[in-house]
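Under the numbering used here, the very last position in the sequence shown is 1066; numbers go up by exactly one each time. Backbone N, C-alpha and C fix where the C-beta goes; we use that ideal spot for every residue, glycine too. See below for the structure under consideration.
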Amino acid sequence: MAEIRLENVGHSYDDGATFALKPITLTWEDGNAIALLGPSGCGKTTLLNIISGLLTPSTGRVFFDGVDITDLDTAKRNVAQVFQFPVLYDTMTVRENLSFPLKNRNVAKDVISARIDEIAELLGLTKYLDIRPQKLRSDLQQLVSLGRGLVRRDVPAILFDEPLTVIDQNFKWTLRGRLKEMHNSTRHTLVYVTHDQTEALTFADKVVVLNQGEIVQTGTASDLFLAPQDEFVGFFIGSPGMNFMDASVSNGDVSIGSTLIGSADGDRPIANGDIRVGIRPEFLSLSSQGTGTDVKINRIEHRGGYKLIHADGPNGNVVAKLANDASFVAGEKAHLIFHPERTYLFRDSKLCGSVSTKGVKQ
Ligand SMILES: Nc1ncnc2c1ncn2[C@@H]1O[C@H](COP(=O)(O)OP(=O)(O)OP(=O)(O)O)[C@@H](O)[C@H]1O
Ligand SMILES: [Mg+2]
């Protein structure tokens, strides 16, 4: 297994006119499970292909365990890569497909056989071992592809590019759990691309959020949820994402319109001027008594264990996630109650502080 380090690595598909991946520098520790999360086109596959060697970066160097491998071709890098759709040999059985990466490296027959049994068991493929993959459903074919990626123990890293896209929703949960278990026991360095936040957050030790070719935040599931460093992370992570409201700061006071909501807290003093308040639906509440930032409730969405209250806020829709016994009705007026420790301030899309609501009458 290996530590992966990228130094100033970027990529342009059009000779530098635009960068699909803007130059980044990072280190992923040996043995970590890392998820690359972001919307379609943000550069996830580009980054993965640079690590596997399918793509030579336009700028920067790639290191495995401190050794510069930027100019080493894919085969010599020795990493296992699993793509979004099955890549298999149709003339071979499932067993032969799974064995191939080991046979190629002259692994002893009995070792291969034991390892194939283990991987087939993990992926639920035991009864298909002697069938050719073209006879199998596409999700089973993808599992064989996944098996080929997992079968070798001696790879520096395993790279997955949205490997579960074609897998049935229920089995996806089971499989994610098994992959996680497998990772806990083998501690391969594992890089897992997905645009599904649940998949990323449940699977990885560290999630790297990409947007438009840039890393906007790297953190654990709770870092990304509780303290998003960028408006994009606030919005993209969470279901639904963070609410944002236009606000202003004046001598440390934060107001939405003419209503004071609290005082600005930051590592550095926060300059007067326009700002955005960000708060997750989980930390926003509503009250029909008193005064504060007024909203009108326009829709109540029942989600089983909780309710989402959609309201017309100071500039657009705001959503609060409330318990089932909350008794608001559509059409009613209310005002917003901001959680004292979970109300954040963003300027130029970046987190710059939080709002202390203590002592402020809402
Ligand atoms: N071979 C290529 N030639 C030109 N442009 C490309 C090529 N491959 C990708 N791009 C562009 O680079 C950007 C990043 O693409 P990439 O495939 O890395 O995104 P992604 O995050 O993997 O997206 P998805 O979730 O849809 O797979 C996109 O704008 C894409 O159109
Ligand atoms: Mg992709």
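Helix, strand or coil for residue i? Go by DSSP, reduced to three states.
{"i": "glutamine 845", "result": "helix"}
{"i": "glutamate 1071", "result": "In the structure as shown, the chain starts at 705 and stops at 1066, and residue 1071 therefore has no counterpart that could be examined."}
{"i": "serine 952", "result": "strand"}
{"i": "threonine 797", "result": "coil"}
{"i": "asparagine 808", "result": "coil"}
{"i": "proline 837", "result": "helix"}
{"i": "asparagine 753", "result": "helix"}
{"i": "serine 1060", "result": "strand"}
{"i": "glutamate 822", "result": "helix"}
{"i": "asparagine 874", "result": "helix"}
{"i": "asparagine 947", "result": "strand"}
{"i": "glutamate 986", "result": "helix"}
{"i": "arginine 765", "result": "strand"}
{"i": "histidine 887", "result": "helix"}
{"i": "threonine 778", "result": "helix"}
{"i": "glutamine 785", "result": "strand"}
{"i": "glutamine 901", "result": "helix"}
Going by other Cβ atoms of all chains shown within 10 Å of its Cβ, with 16 needed for buried, is residue i buried or exposed?
{"i": "lysine 813", "result": "exposed"}
{"i": "asparagine 955", "result": "exposed"}
{"i": "aspartate 858", "result": "exposed"}
{"i": "valine 815", "result": "exposed"}
{"i": "phenylalanine 723", "result": "buried"}
{"i": "threonine 749", "result": "buried"}
{"i": "phenylalanine 1050", "result": "buried"}
{"i": "threonine 995", "result": "exposed"}
{"i": "serine 1058", "result": "buried"}
{"i": "asparagine 947", "result": "buried"}
{"i": "aspartate 971", "result": "exposed"}
{"i": "asparagine 1019", "result": "exposed"}
{"i": "threonine 830", "result": "exposed"}
{"i": "proline 743", "result": "exposed"}
{"i": "leucine 936", "result": "Note that residue 936 corresponds to phenylalanine in the displayed sequence, not to leucine. When all chains shown are included, phenylalanine 936 counts as buried."}
{"i": "alanine 904", "result": "buried"}
{"i": "alanine 818", "result": "exposed"}
Should residue i and residue j be called a contact, given that it needs their Cβ atoms to be closer than 8 Å?
{"i": "valine 920", "j": "aspartate 900", "result": "no"}
{"i": "glycine 917", "j": "cysteine 746", "result": "yes"}
{"i": "leucine 988", "j": "alanine 1024", "result": "yes"}
{"i": "aspartate 777", "j": "arginine 836", "result": "no"}
{"i": "serine 967", "j": "alanine 1038", "result": "no"}
{"i": "valine 1022", "j": "methionine 949", "result": "yes"}
{"i": "leucine 740", "j": "valine 912", "result": "yes"}
{"i": "isoleucine 754", "j": "leucine 863", "result": "no"}
{"i": "leucine 844", "j": "isoleucine 823", "result": "no"}
{"i": "leucine 730", "j": "glycine 714", "result": "no"}
{"i": "leucine 964", "j": "isoleucine 1041", "result": "no"}
{"i": "leucine 707", "j": "aspartate 769", "result": "Correcting the residue type first, residue 707 is glutamate in the shown sequence and not leucine. The answer is yes: Cβ separation under 8 Å."}
{"i": "glycine 757", "j": "proline 727", "result": "no"}
{"i": "serine 1060", "j": "aspartate 969", "result": "yes"}
{"i": "proline 932", "j": "leucine 1055", "result": "yes"}
{"i": "threonine 902", "j": "glutamine 788", "result": "no"}
{"i": "alanine 1027", "j": "tyrosine 1048", "result": "no"}
{"i": "proline 985", "j": "proline 944", "result": "yes"}
{"i": "alanine 925", "j": "isoleucine 738", "result": "no"}
{"i": "arginine 880", "j": "leucine 826", "result": "no"}
Tell me the rounded alpha-carbon separation between residue i and residue j.
{"i": "isoleucine 773", "j": "aspartate 834", "result": "38 Å"}
{"i": "histidine 667", "j": "proline 761", "result": "Shown here, the chain extends from 705 to 1066; a query on residue 667 therefore has no answer."}
{"i": "tryptophan 877", "j": "threonine 997", "result": "41 Å"}
{"i": "valine 786", "j": "threonine 906", "result": "19 Å"}
{"i": "glycine 735", "j": "threonine 893", "result": "4 Å"}
{"i": "histidine 1014", "j": "glutamate 1036", "result": "11 Å"}
{"i": "tyrosine 717", "j": "isoleucine 983", "result": "38 Å"}
{"i": "glutamine 846", "j": "glycine 853", "result": "11 Å"}
{"i": "glutamine 838", "j": "leucine 850", "result": "16 Å"}
{"i": "glycine 720", "j": "asparagine 712", "result": "15 Å"}
{"i": "proline 860", "j": "asparagine 810", "result": "18 Å"}
{"i": "leucine 1012", "j": "leucine 710", "result": "42 Å"}
{"i": "proline 805", "j": "threonine 890", "result": "18 Å"}
{"i": "lysine 780", "j": "valine 798", "result": "25 Å"}
{"i": "valine 783", "j": "leucine 792", "result": "17 Å"}
{"i": "arginine 1003", "j": "valine 1033", "result": "8 Å"}
{"i": "aspartate 865", "j": "asparagine 808", "result": "23 Å"}
{"i": "arginine 841", "j": "asparagine 915", "result": "34 Å"}
{"i": "lysine 895", "j": "leucine 928", "result": "Note on residue identity: the sequence assigns valine, not lysine, to residue 895. Roughly 18 Å between the two C-alpha positions."}
{"i": "serine 962", "j": "valine 953", "result": "11 Å"}
{"i": "glycine 938", "j": "glycine 923", "result": "13 Å"}
{"i": "isoleucine 820", "j": "phenylalanine 875", "result": "21 Å"}
{"i": "glutamate 733", "j": "leucine 752", "result": "16 Å"}
Counting beta carbon pairs with one atom in the region 956 to 964 and one in the region 974 to 983, are three or more of them shorter than 8 Å? yes
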